[in-house]
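In this text, residue positions in the sequence shown follow this note's numbering: the first is -9, and each later residue adds one. Beta carbons are placed, not taken as given, at the ideal position from N, Cα and C, and that holds for glycine. Right, one structure below, let's go through it.
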Amino acid sequence: MSKKHFQTEVSKLLHLIIHSLYSHKEIFLRELVSNASDALDKLKFLNLTDEKYKSLKFDPRIDISFNFTEKTLSISDNGIGMNEQDLDENLGTIARSGTRNFVEKMTGDAKKDSNLIGQFGVGFYSAFMVADKVEVISKKAGEDSAWKWVSDGKEEYTIEPAERDSHGTTVTVHLNREGEEYANRWTIQSIIRKYSNHVPFPIYLHYEEIKYEGEGDNKKEIREPKVEQINSASAIWKRPKSELKEEDYLEFYRQISYDLEDPLLYIHTQAEGTLDYTTLFYIPAKAPMDLFRVDYQAGVKLYIKRVFITDDSKELMPTYLRFVRGIIDSEDLPLNVSREILQQNKVMAKIKSSSVKKILSELESLKNRDRFKYNIFWKEFGIPMKEGLYQDFENREKLLELVQYKSTKAEDYTTLSEYVDRMKPEQSAIYYITGGKEQLLRNSPLLEIYKEKDIEVLILDDEIDEIVISTVPKYKDYELKSVNRTDSEDDLKNNEDKEKEKKIEPLINKIKEQLGDRVKNVLASTRLSSSPSCIVADENDPTAQMQTILKMMGQSGLPEFKPVLLINPEHEIIKKLENTTDDSLINDVSLLLLEQAMLVEGLELKDPNGFVARLNRITSKAL
């Protein structure tokens, strides 16, 4: 037996790996299974390409066994195996990987065909997170001798001759107190199905099933050995699309989503070239109940060569597409020293960018070919899609073609493109109204001039609309204008309208004096036809709806919302008010004009008792 010390600084690096690198100790089993898969893949490749190995009988498999009493867990494969030199080089040196060296020696298509997982030589050492000692017995294919490597993961390791019938490697983990839970059938099965379900080789779990025979004093415990395959050993996304049927896609969706409804859409992409990766995305038919929770769990999983890495990374999919389900499987995505820690790197950024563009492109195709189905999608996921307008500047133009709004002219949703197609020849802007309730908005006095001139207005009644639309100044060559603001109708007025507004300036000044700092301003406006007044926001101020949203978001210290009160010079009430000499009546009506306009917009009155008293006084004078 030869006793050797790990290379300089290796013990410090081992400590880092064991105590800092992995946040979930269960990852060790994923790493050991991935190493076994690498070994099988190497021998499979040589079995097909190297004369030395072609005569070898080879039925690749991974076997896992455990002993709860002895607190051991073993992972065994019948892959390429290692000799004394391999054990010394690959297990005695951190960050050296036999797999990586193997890949570097391959060229051409053979490299693509070999589904090797390991990129770095540290995954093996994650076993020491749960182990007091690790034993490796290995026999290299084509050689007669077997070797045993043993270490406690501190400063040294030993290598000595061993016995093993066939080629391959067995890693036996002697579990420490923290790792005892992994000597359990159900724990092992759960971890394998989570991380290694799609590894391309069968994984068998060996366990004992306890049965009882007889009764009373004659009752005996019988332990019956069992072997069960616990992974699927296949990955639907790796199969050629031409071989897959719709039912294959739907069945996989049910497996990953636990959704009883079929998805609206699935998108399968197999990219080859500068980057080799596969994606399979699904758009659900219904939004989950927790879609808007802060802790919502996104539904895209990252695999590297079929091995699950993470489903908790913002690098996989932008927040506004958090409803997407599916997988990304990369052939060459670089990781940090651990598979667990995903770098913010150019490769992932390119995969993410391409994936987002593909999803948006498929959604546009759905909109164009099946509007009914697209409208179902929009009702469920329109709000998060709108988030993309201020989150994703790279794809804003594409998103602007996908967003839909309710409208004063469309029975269902309309797109900005469809709105533009219906615009009047002389119209230079796209008009929209924001607020909390659709019916209130449709009946709002703010729309009167637009209805009169037969101009379409978009109805934006989602809370997020108020935030998002302010970040979109234009669509194509058309300005987006809010009818909730003072300047929205300026381009619709003629000289006659302006004369009417100017005519009642003395009354406007009286109303302004009475209202004082309750309002930002009082203006005469011919935008109204049937209503005596309405309120809007100054062009430089947040709207009432925006103020409400900001308060709900917890922003304190906001200035009080002060509206601009618009007065209709042609309304009967205003004409009579203009001719009266009763100052008390002017004062009461001025306040009522403001208060009724606020009520119409769904705002609360600070002094409802005062409102009722004024209403009663005016009513008694009229009777």
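Nearest candidate by alpha-carbon position, reference residue i, set the options
{"i": "isoleucine 564", "options": "Asn68, Thr516, Ala527", "result": "Thr516"}
{"i": "valine 579", "options": "Leu589, Met307, Phe601, Leu593", "result": "Phe601"}
{"i": "lysine 396", "options": "Ile220, Gly372, Ala514, Leu482", "result": "Gly372"}
{"i": "serine 128", "options": "Phe118, Asp122, Trp139", "result": "Trp139"}
{"i": "alanine 275", "options": "Lys295, Arg283, Asp451, Tyr243", "result": "Tyr243"}
{"i": "leucine 254", "options": "Asp360, Asp155, Gly263, Lys130", "result": "Asp360"}
{"i": "arginine 51", "options": "Leu195, Leu81, Leu392", "result": "Leu195"}
{"i": "lysine 32", "options": "Glu377, Phe48, Phe56", "result": "Phe48"}
{"i": "lysine 493", "options": "Phe367, Ile557, Gln381, Ala612", "result": "Ile557"}
{"i": "asparagine 57", "options": "Lys144, Glu170, Gln75", "result": "Glu170"}
{"i": "lysine 201", "options": "Lys34, Thr571, Ile193, Arg213", "result": "Arg213"}
{"i": "isoleucine 318", "options": "Ala288, Lys363, Leu270", "result": "Leu270"}
{"i": "alanine 152", "options": "Glu74, Ala223, Asp207, Lys123", "result": "Glu74"}
{"i": "serine 116", "options": "Glu491, Glu442, Lys15, Asn499", "result": "Lys15"}
{"i": "leucine 448", "options": "Val393, Lys363, Lys369, Leu81", "result": "Val393"}
{"i": "glutamate 456", "options": "His188, Lys464, Asn474, Tyr440", "result": "Asn474"}
{"i": "proline 496", "options": "Gly82, Asn569, Ser407", "result": "Asn569"}
{"i": "leucine 470", "options": "Tyr422, Glu408, Ala514", "result": "Tyr422"}
{"i": "aspartate 53", "options": "Tyr293, Gly158, His5", "result": "Gly158"}
Proximity of residue i and residue j at Cβ, strictly below 9 Å
{"i": "tyrosine 267", "j": "glycine 316", "result": "no"}
{"i": "arginine 20", "j": "valine 462", "result": "no"}
{"i": "glutamate 150", "j": "serine -8", "result": "yes"}
{"i": "histidine 258", "j": "glutamate 146", "result": "no"}
{"i": "valine 161", "j": "tyrosine 172", "result": "no"}
{"i": "asparagine 619", "j": "serine 156", "result": "Nothing about residue 619 can be reported from this structure: the residues present for the chain run from -9 to 613 only."}
{"i": "isoleucine 510", "j": "proline 559", "result": "It should be pointed out that residue 510 corresponds to lysine in this sequence rather than to isoleucine. Cβ atoms of lysine 510 and proline 559: not closer than 9 Å."}
{"i": "leucine 165", "j": "alanine 121", "result": "yes"}
{"i": "isoleucine 501", "j": "glutamate 377", "result": "no"}
{"i": "aspartate 619", "j": "threonine 424", "result": "Because the chain here runs from -9 to 613, residue 619 falls outside it and cannot be looked at."}
{"i": "leucine 617", "j": "glutamate 438", "result": "Past the boundaries of the shown model lies residue 617; the chain is included only from -9 to 613, so the question cannot be answered."}
{"i": "leucine 350", "j": "valine 458", "result": "no"}
C-alpha distance - residue i paired with residue j, whole-angstrom precision
{"i": "alanine 29", "j": "proline 190", "result": "12 Å"}
{"i": "valine 512", "j": "lysine 347", "result": "48 Å"}
{"i": "aspartate 134", "j": "lysine 42", "result": "15 Å"}
{"i": "aspartate 467", "j": "serine 521", "result": "33 Å"}
{"i": "asparagine 37", "j": "isoleucine 70", "result": "10 Å"}
{"i": "aspartate 99", "j": "aspartate 78", "result": "For aspartate 99, the predicted structure reports a pLDDT of 49, less than 50, and the residue's modelled location is therefore unreliable. The matter cannot be settled from this model."}
{"i": "methionine 96", "j": "lysine 228", "result": "Because methionine 96 sits at a pLDDT of 48, beneath the cut-off of 50, its placement in the model cannot be relied upon, and the following sentence gives the value as read from the coordinates. For methionine 96 and lysine 228, the distance between alpha carbons rounds to 21 Å."}
{"i": "serine 355", "j": "threonine 264", "result": "26 Å"}
{"i": "glutamine 109", "j": "valine 126", "result": "With a pLDDT of only 45 at glutamine 109, under 50, the local geometry of the prediction cannot be trusted, and the value read off the model is given with reservation. Taking the straight line from one Cα to the other gives about 20 Å."}
{"i": "arginine 604", "j": "glutamine 504", "result": "14 Å"}
{"i": "leucine 582", "j": "leucine 436", "result": "18 Å"}
{"i": "isoleucine 17", "j": "lysine 427", "result": "50 Å"}
{"i": "phenylalanine 383", "j": "asparagine 433", "result": "34 Å"}
{"i": "alanine 225", "j": "glutamate 416", "result": "57 Å"}
{"i": "serine 460", "j": "glycine 592", "result": "21 Å"}
{"i": "phenylalanine 114", "j": "threonine 59", "result": "24 Å"}
{"i": "glutamine 537", "j": "glutamate 251", "result": "39 Å"}
{"i": "glutamate 241", "j": "aspartate 444", "result": "50 Å"}
{"i": "glutamine 535", "j": "alanine 587", "result": "14 Å"}
{"i": "leucine 431", "j": "valine 590", "result": "9 Å"}
{"i": "proline 215", "j": "tryptophan 176", "result": "16 Å"}
{"i": "isoleucine 220", "j": "lysine 235", "result": "25 Å"}
{"i": "serine 343", "j": "proline 230", "result": "23 Å"}
{"i": "tyrosine 364", "j": "asparagine 358", "result": "9 Å"}
{"i": "glutamate 370", "j": "glycine 506", "result": "45 Å"}
{"i": "tyrosine 465", "j": "alanine 223", "result": "49 Å"}
{"i": "lysine 611", "j": "serine 574", "result": "11 Å"}
{"i": "valine 217", "j": "asparagine 25", "result": "21 Å"}
{"i": "glutamate 486", "j": "lysine 566", "result": "21 Å"}
{"i": "arginine 183", "j": "glutamate 305", "result": "24 Å"}
{"i": "glutamine 287", "j": "proline 374", "result": "14 Å"}
{"i": "phenylalanine 313", "j": "aspartate 302", "result": "13 Å"}
{"i": "alanine 514", "j": "arginine 508", "result": "17 Å"}
{"i": "aspartate 411", "j": "glutamate 321", "result": "45 Å"}
{"i": "lysine 552", "j": "proline 598", "result": "18 Å"}
Bridge partners - residue i, DSSP secondary structure assignment
{"i": "glycine 82", "result": "Glycine 82 is not bridged to any residue."}
{"i": "arginine 213", "result": "Ile200"}
{"i": "glutamate 354", "result": "Answer is none; glutamate 354 lacks a bridge partner."}
{"i": "lysine 123", "result": "His164"}
{"i": "arginine 315", "result": "Tyr272, Gly289"}
{"i": "histidine 258", "result": "Leu270"}
{"i": "phenylalanine 56", "result": "Leu63"}
{"i": "glutamate 218", "result": "Leu195"}
{"i": "phenylalanine 298", "result": "Tyr293"}
Which residue spans inside the region 465 to 532 form an unbroken alpha helix (DSSP H) run of at least 4? 485 to 493, 495 to 505
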